[in-house]
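> Starting off with a structure, shown below.
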Amino acid sequence: MEDIPSISLSGTQVLGVKHATSLGGIVEDLWLSFTETISSLTWGPFLAFCKSQVLGALGGISNGHLTIIDGEDIYIFGAEEEPRALLHVRSGEFWTRVALFTDLGLAESFMSSIVDCDDVSKLIKLLILNREHLIPSLNSFTSSLLARGRLLTSYKFVGNLTNSKANIRSHYDLGDELFHAFLSPDMNYSSAIFSTVDADLIGVPEDTLEDGQMRKMKMILQKADIRPGDRVLEIGTGWGSLAILAANTIPGCKIDTVTLSSTQAAFARKRINEAGLSDSIVVHEMDYRECFLKPEWAGTFDRFISVEMIEHVGRDFLAEYWKVVDWAMKPDTGVGVVQSITLTEAQAKAYNTEGASFIRKWVSCFTILVQLTLTKSFGKIFPGGYLPTPCTLMETMNTGSSARLTVDSMVNIGPHYARTLREWKRNFVDSWAETIAPALVRKYNLTVAEQEVFRRKWIYYLVFDQEFGKSYHYIHSREEHVSSL
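Mapped onto my numbering, the consecutive letters of the sequence shown carry residue numbers 441 to 925.
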């Protein structure tokens with residue numbers, strides 16, 4: 441086996457961003473140290489046991505074809521059909537990690553170069569196709585027990601105010617150069633909407649990623665029914681693209697936009713100033729709950745927009761999010777559009793009970809994208825994220841707004857999300873050597889080994905979301921306003 445350098449996986453995720461919950465931090469650090477020690481065990485009998493457990497589970501693969509090369513040993517599973525994936529094991533630690541931590545163990549093995557894969561997309565697709573057999577086979581007592589430990593120490597996934605700020609900054613404040621490298625020039629970090637969702641798979645598509653992002657933004661503004669002179673609240677500024685488009689195309693509208701990312705806030709303000717829109721758009725660097733500290737905002741907004749931000753709120757705070765929306769919107773004519781990534785009910789069950797899986801520990805977002813249009817019914821009375829289900833979104837909306845928000849429509853844009861991720865991955869890979877890696881060295885002084893962990897993590901993340909994800913638009917408004925939409 442090859443000598444794999446020891447690298448802090450968590451260190452390449454947070455890049456110096458600290459969570460303030462001191463006791464929780466100490467407990468998690470101890471747990472991480474313990475699990476890393478167990479995962480790296482290659483003691484003969486223990487390794488043999490872990491390997492037999494994993495091979496036994498993989499023996500049930502019936503869809504697709506998987507080949508694993510481990511030194512001189514070659515293991516073949518499944519039939520001669522697509523998807524076909526090849527794994528090359530570089531350390532026995534691979535078997536230990538997968539046996540103990542299943543999907544998270546596989547992801548972290550790839551991230552730390554313990555295992556190589558010829559096509560991560562096909563591997564994940566293969567595992568999803570066979571999940572009904574693989575999940576129960578690998579969920580042994582030991583892995584389930586360790587998963588509970590991960591869940592108990594996942595304090596940083598709690599969406600309180602302090603953790604929310606650290607979680608957002610550990611992802612969105614990585615640096616504008618990183619996101620510039622793989623996003624389109626408009627800097628939209630959310631699903632686009634294309635004229636043909638699979639055109640990139642069969643040739644050169646007629647519409648670009650930038651075209652798709654512009655189409656998405658125009659659709660959101662249209663669904664929100666923003667009119668000249670309207671006052672708009674946006675939760676989740678991003679780099680300011682949607683607010684700028686609204687101010688540029690809808691005469692007299694005023695936008696207050698809220699973000700927790702200091703990097704995004706600075707970038708958005710610069711773009712807004714350069715566009716001459718400082719009188720129309722105000723960027724507030726604060727948590728969405730801090731809207732309540734501005735009593736003059738109560739019931740003053742005609743429209744509300746939020747694009748792929750609600751995933752960062754956290755399960756226990758979804759109703760609070762909708763409470764803010766309800767409080768801020770005008771009591772009789774308010775309309776809002778929320779684009780969100782969600783889980784199916786079946787996916788949510790595993791996500792909520794199995795602790796820090798790959799998507800929860802390393803991604804904290806992304807699986808079904810939703811645009812929700814809401815109406816408000818007066819008198820009749822969307823790193824620390826949580827992926828809700830569509831049902832959860834609607835239930836918490838009802839609770840948080842005391843039934844004053846009504847769902848007008850929901851649109852599935854999932855296939856567009858898959859292509860968006862493919863476009864991002866292509867851009868990320870193409871820009872890695874010349875742009876992203878040098879930027880990481882300049883800003884964080886990452887070693888070559890740490891850069892490789894970062895690169896593999898992002899590739900796995902983009903591919904995982906591509907194969908696993910779907911998207912929706914939710915549209916909401918006051919009940920009295922539904923008939924006019």
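In this text, a Cβ means the ideal position worked out from N, Cα and C, and glycines have one as well.
1) D742: which of A843, N713, V722 and P668 sits nearest, CA to CA?
2) With 16 as the cutoff for other CB atoms within 10 Å, does V644 come out buried or exposed?
3) Would you mind stating whether V529 and I514 have Cβ atoms separated by less than 8 Å?
4) Excluding the 5 residues flanking W864 on each side, which residues of the same chain have their C-beta closer than 6 Å to its C-beta?
5) Leaving out five residues before and five after W433 in sequence, what residues of the same chain have Cβ atoms less than 7 Å from its Cβ?
6) G776 lies in the beta strand (DSSP E); which residues open and close that run?
7) Could you tell me the alpha carbon to alpha carbon distance between T887 and V881, rounded to whole angstroms?
8) Can you say whether C693 is buried or exposed, counting buried as having 16 or more other CB atoms within 10 angstroms of its CB?
9) Please go through the same chain and pick out, in chain order, the residues whose beta-carbon is closer than 6 Å to the beta-carbon of M657, but skip the five residues on each side of it.
10) With a cut-off of 8 Å, does the C-beta of W872 fall near any C-beta of chain C?
11) According to DSSP, which residues form a beta bridge with F707?
12) Report the start-end ranges of each beta strand (DSSP E) in the segment 827-883 that is 3 residues or longer and not cut off at the edges.
13) Going by the beta-carbon positions, is the gap between L649 and S630 smaller than 8 Å?
14) Whole angstroms are fine: how far does the CA of H573 sit from the CA of P830?
15) Rounded to the nearest angstrom, what separates G680 and H752 at their Cα positions?
16) Under 8 Å: do the segment 517-532 and the segment 553-564 share three or more Cβ pairs, one atom per stretch?
17) Rounded to a whole number of angstroms, what is the C-alpha to C-alpha distance between I642 and S635?
18) From E892 to I781, what distance separates their C-alpha atoms?
19) Below 8 Å between beta carbons: does that hold for A687 and I695?
20) DSSP has I750 in a bridge; who is on the other side?
21) What is the rounded straight-line gap between the Cα of F894 and the Cα of T784?
22) Helix, strand or coil, according to DSSP, for C805 in the structure here?
23) Out of G678, G511 and S701, which has the shortest C-alpha to C-alpha gap to M627?
24) Give the DSSP-derived three-state secondary structure of F622 in the structure shown.
25) In the DSSP assignment, what are the bridge partners of T699?
26) Which residues bound the alpha helix (DSSP H) around R537?
27) Looking at the structure shown, is M627 part of a helix, part of a strand, or coil, going by DSSP?
28) Using the C-alpha atoms, what's the distance from L717 back to T689?
29) Going by CA-CA distance only, name the one from A889, E890, E874 and I721 that's closest to H620.
30) Which of helix, strand or coil does DSSP assign to C557?
31) Give me whichever residues DSSP pairs with E674 in a beta bridge.
32) To the nearest angstrom, how far is it from the Cα of E736 to the Cα of G652?
33) Give a yes or no on whether the C-beta atoms belonging to G840 and E760 are separated by under 8 Å.
Considering the structure as presented:
1) P668
2) Residue burial is scored here from C-beta neighbours: V644 has fewer than 16 other C-beta atoms within 10 angstroms and is therefore classed as exposed.
3) no
4) The answer, listed in chain order, is F622 and L902.
5) In the structure as shown, the chain starts at 441 and stops at 925, and residue 433 therefore has no counterpart that could be examined.
6) V775 to I781
7) 7 Å
8) buried
9) L682 and L685
10) No chain C is present in this structure, which holds just one protein chain.
11) BP columns for F707 are empty, so no partner.
12) 845-852
13) no
14) 26 Å
15) 18 Å
16) yes
17) 14 Å
18) Take the alpha-carbon of E892 and the one of I781: they are about 28 Å apart.
19) yes
20) Looking at the DSSP assignment, I750 forms no beta bridge with any residue, so it has no partner.
21) 29 Å
22) Low per-residue confidence applies at C805: pLDDT is 32, beneath 50, and the placement is therefore not dependable enough to give any value.
23) G678
24) helix
25) Answer by DSSP bridge pairing, in chain order: E725.
26) E533 to M551
27) coil
28) 12 Å
29) E874
30) strand
31) T697 and I745
32) 37 Å
33) yes
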